[in-house]
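Shown next, in structure tokens, is the structure this report addresses.
In this note's numbering, the protein residues as written are 14 to 217.
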């Protein structure tokens with residue numbers, strides 16, 4: 014492969030092993046043909062260093078994280094941006110797809126980790142708890158746990174499913190084997206008028 018003009022910050026193989034993505038401090042991402050060693054396409058659009066690249070499990074989408082605070086989702090076949098995920102207030106250091114491809118995790122210098130629903134491009138959860146920049150994220154093989162590494166010198170393991178507010182409340186409700194009272198529902202689920210745990214014995 015050709016020597017690049019600027020430092021390379023991240024690399025990732027496509028699931029089929031035929032393509033290699035490389036991220037650079039010049040703000041570009043290159044997709045390489047592994048067999049020929051030639052660049053297939055140069056992805057441009059970031060305005061600062063690209064810190065991380067990750068392919069979706071089906072290989073059709075590439076997520077890139079940059080110091081410019083954005084996370085574009087690229088169509089690998091066309092080299093075009095499908096959508097740019099925004100919301101972090103500082104640089105984004107790392108991206109990772111869940112094994113089923115439905116969730117994207119992003120780590121940021123703003124001390125947070127965000128979980129995005131890939132289909133809707135919306136933030137599903139914002140994880141807090143680190144006291145310094147979050148440098149890296151990785152899903153467990155079953156997709157239920159997310160590991161986060163931070164400059165605060167800690168590694169945290171997060172329950173991915175439990176980050177969904179409704180599921181968390183349902184789990185609590187099942188534990189006590191009753192539905193929420195009207196007062197509890199107004200406090201914890203002000204926008205939900207239905208039953209929280211329809212399979213519980215109480216709260217009809």
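For each residue, glycine too, the CB sits at the ideal point set by N, CA and C.
Check: Looking at the strands, I want to know which residues DSSP matches up with residue 46.; Outcome: 32
Check: Under 8 Å Cβ to Cβ from residue 64, same chain only, skipping five residues before and after it: list those, please.; Outcome: 22, 23, 36, 78, 79, 80, 104, 105, 106 and 107
Check: Going by DSSP, name the residue or residues bridged to residue 130.; Outcome: 116 and 135
Check: Does DSSP put residue 17 in a helix, a strand or coil?; Outcome: coil
Check: Distance, Cα to Cα, residue 196 vs residue 186?; Outcome: 14 Å
Check: In whole angstroms, what separates the C-alpha of residue 226 from that of residue 189?; Outcome: In the structure as shown, the chain starts at 14 and stops at 217, and residue 226 therefore has no counterpart that could be examined.
Check: Taking the straight line between their C-alpha atoms, what separation do you get for residue 51 and residue 89?; Outcome: 16 Å
Check: On the DSSP bridge list, what partners appear for residue 93?; Outcome: 88
Check: Can you look up residue 187 in the DSSP assignment and give me helix, strand or coil?; Outcome: helix
Check: What is the DSSP secondary structure of residue 172, counted as helix, strand or coil?; Outcome: strand
Check: For residue 148, which residues from the same chain have a beta carbon less than 8 Å from its beta carbon, with the 5 sequence-adjacent residues on both sides left out?; Outcome: 106, 107, 120, 162, 163 and 164
Check: What residue range is occupied by the uninterrupted beta strand (DSSP E) comprising residue 54?; Outcome: 52 to 56
Check: Do residue 114 and residue 85 count as a contact pair if the criterion is CB distance below 8 Å?; Outcome: no
Check: Which same chain residues, not among the five before or five after residue 96, have their C-beta less than 6 Å away from its C-beta?; Outcome: 86 and 134
Check: With the cut-off set at 8 Å, would you say residue 56 and residue 47 are in Cβ contact?; Outcome: no
Check: Please report the residue range of the beta strand (DSSP E) in which residue 107 lies.; Outcome: 105 to 110
Check: Measuring straight from C-alpha to C-alpha, what distance separates residue 70 and residue 76?; Outcome: 11 Å
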